[in-house]
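Okay, structure first, notes after.
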Ligand code: SF4
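Numbering (the working numbering), first residue to last: 39 to 522.
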């Protein structure tokens, strides 16, 4: 019998607080495309969603819903009859309510953003200091997307306004602006989040995730560059601002939060995960009966590992998606954590008496993993060897709403460093996989998680598995480097 109260208190998980957008400009009505294309971004956020269209003769028609107790499709399906238009945008968000509509000296527009404003308080003070105001209330504070729109409206054109956003925002910001003339799309100045363009006859789409294209009939045509701005019409796209030279795309896209059929910078997510798993296997001398990936993202890594090592892939865990579709539907953290724990079911028949390699994408706090190891021990696992598809996370993300841990000491690796008496100045050494400090830190984490062995991916192997030059990737959460 599970003690639910205790479970709620003690289980903490890696949760993504991301967002993803999808927009279409077409020579026909595009409501269905925007509806399904936006739905294919549901893995990036589960708290809020919105859609907006320009209905001929009526202007903007917008709807925003909370998704905390339902799906995007369920929430919006009944409203589709009220939407019409050849231009539309949708967003799935774990942060602010969007899209937002503005009437400004630049004209009427709707805006959606995939952003994190680390310096939002400073920006708020600046804007209020210029005797301006904010209307949108976002959990007792201002709405980050409204801050971005406000900055844009301080300039004489959308392009100048977006450049002004790039200059002033610390964190990241990709966005779409919809007007009567179509959509203007901009990718974050360092390209930390992706923006891709798809085409089909008489229509052009903009998306965060290219997995939204195949079933909406679009062909992936273009990966926008860092800081690039384009205007999109039903005929295609026109460049308004060239990409910058510095790309810092989040490497975690491939490791964890990207959807398997998606591509970033021309590199497929699932194929990258196979390479990650294979790289782990090549450095691993442990003999095991099988390998098991923790659903969802661990599965691709485990396929790569098993193929390289020539051992079977088995499902020691199955994900019960029928009634627990996501990890974080409920509105408060404790319940979300409980849901995440409830939906993974261990299979005693597979586990009992076996030596297992277990693969997960990453360890953030480690509490979920500790729960998994308890299950395995209880069900008679002979040996538990954990393999992690990325290096130890030593620094919280400063750029995206990605990792739930907001303070470094919530991270399993940082807690291990502290227990070993390590100091912040020594973190670089702890991140070096050839150092004695690194070896001790990993040993400490393995001990805490009750594992027979623990092996993390080396950063150089991860970078090789992704296939981009190191300087084009953000690897900050593993090595503390990066552009701010
Ligand atoms: S710090 Fe980590 S999660 Fe954040 S953008 Fe960089 S690689 Fe991605």
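Positions of the beta carbon are idealized from the N, C-alpha and C atoms, including for glycine. Just so we're clear, the structure is a prediction, and the values are computed from it rather than from any experiment.
Point to revise | Straight-line Cα distance separating residue 472 from residue 457 | key: Computed Cα separation, rounded: 20 angstroms.
Review point. Skipping 5 residues on each side, what residues in its chain have a beta carbon closer than 7 angstroms to that of residue 512?
Key: Taken in chain order, the residues that qualify are 230, 286, 287, 288, 289, 437, 520.
Practice item. Identify the continuous beta strand (DSSP E) that holds residue 103 and give its terminal residues. Key: Annotation for residue 103: the continuous beta strand (DSSP E) segment containing it runs 97-104.
Exercise for review: Measure the Cβ-Cβ separation of residue 261 and residue 293 and say whether it is below 8 angstroms.
Suggested key: Going by C-beta atoms, residue 261 is not nearer than 8 angstroms to residue 293.
Exercise for review: Confirm the yes/no value for this check: CB of residue 513, any heavy atom of ligand 1, distance under 7 angstroms.
Suggested key: Answer for residue 513: yes, Cβ within range of ligand 1.
Point to revise | Assigned exposure category for residue 358 - 16 Cβ within 10 Å defines buried | key: Around the CB of residue 358, fewer than 16 other CB atoms lie within 10 Å, so the residue is classed as exposed.
Check your understanding: For residue 246 versus residue 232, is the C-beta distance shorter than 8 angstroms?
Key -> Against a cut-off of 8 angstroms, the Cβ pair of residue 232 and residue 246 comes out as a contact.
**Study point:** Integer Cβ distance of residue 139 from residue 295, believed to fall under 8 angstroms
**Key:** Wrong, their Cβ atoms sit about 29 angstroms apart, outside the cutoff.
Check your understanding: Where does residue 500 fall in DSSP's three states?
Key -> Look at residue 500 here: in three-state DSSP terms it is helix.
Check your understanding: How do the stretch 423-430 and the stretch 483-501 stand: do at least 3 beta-carbon pairs fall below 8 angstroms, yes or no?
Key -> Three or more beta-carbon pairs separated by less than 8 angstroms link the stretch 423-430 to the stretch 483-501, which places the two stretches in contact.
Point to revise | C-alpha gap between residue 369 and residue 75, whole angstroms | key: Only weak support exists for where residue 369 lies, its pLDDT of 49 falling under 50; the coordinates are left without a value.
**Study point:** Limits of the beta strand (DSSP E) - the one that residue 494 falls within
**Key:** First-last of the beta strand (DSSP E) with residue 494: 491-494.
Check your understanding: In terms of residues, what are the limits of the beta strand (DSSP E) holding residue 25?
Key -> Examination of residue 25 is not possible in this model, given that the chain is present from 39 through 522 alone.
**Study point:** Spatial distance of residue 417 from residue 108 (CA atoms)
**Key:** Residue 417 and residue 108 have their C-alpha atoms roughly 34 angstroms apart.
Point to revise | Rounded C-alpha distance that separates residue 476 from residue 428 | key: One C-alpha to the other measures close to 14 angstroms.
Point to revise | residue 425 Cβ short of 7 angstroms to ligand 1 heavy atom set | key: For ligand 1, no non-hydrogen atom lies closer than 7 angstroms to the CB of residue 425.
Point to revise | Cutoff 8 angstroms; reference residue 271; Cβ partners in own chain excluding five residues on either side | key: Only 63, 219, 220, 242 meet the Cβ criterion.
Check your understanding: Is it buried or exposed for residue 60, if we count other Cβ within 10 angstroms and need 16 for buried?
Key -> Classification for residue 60: buried.
Check your understanding: Taking 7 angstroms as the cut-off, does the CB of residue 449 come closer than this to any heavy atom belonging to ligand 1?
Key -> No, ligand 1 has no heavy atom inside 7 angstroms of this Cβ.
**Study point:** Residue ranges of each alpha helix (DSSP H) within the stretch 61-140, 4 or longer
**Key:** For the stretch 61-140, the continuous alpha helix (DSSP H) assignments of 4+ residues that do not extend past its boundaries occur at 69-77, 110-115, in sequence order.
Check your understanding: Looking only at C-alpha atoms, which of 116, 505, 124, 201 sits nearest to residue 95?
Key -> Considering only alpha carbons, the answer is 124.
**Study point:** Residues bridged to residue 277 (per DSSP)
**Key:** Answer by DSSP bridge pairing, in chain order: 268.
Point to revise | 8 angstroms Cβ cutoff met for residue 132 and residue 99 | key: No, the pair does not count as a contact, with Cβ atoms beyond the cut-off.
**Study point:** Distance between residue 259 and residue 411 (C-alpha atoms, nearest Å)
**Key:** Between the alpha carbons of residue 411 and residue 259 lies a gap of roughly 44 angstroms.
**Study point:** Supposed close pair residue 395, residue 326 - CB separation, criterion 8 angstroms
**Key:** About 4 angstroms separates the two Cβ atoms, so the contact holds.
Review point. How far does the alpha helix (DSSP H) with residue 382 in it reach, from first residue to last?
Key: The continuous stretches of alpha helix (DSSP H) do not include residue 382, which lies in the beta strand (DSSP E) extending over residues 382-384.
Point to revise | Helix, strand or coil at residue 40 [DSSP, three-state] | key: In this prediction, residue 40 scores a pLDDT of 36, lower than 50, which makes its location untrustworthy; the coordinate-derived value is nonetheless stated afterwards. In this structure, residue 40 counts as coil in the three-state DSSP scheme.
Point to revise | At least 3 beta-carbon pairs within less than 8 angstroms: the stretch 150-166 vs the stretch 114-123 | key: The answer is no - the stretch 114-123 does not touch the stretch 150-166, with fewer than three Cβ pairs under 8 angstroms.
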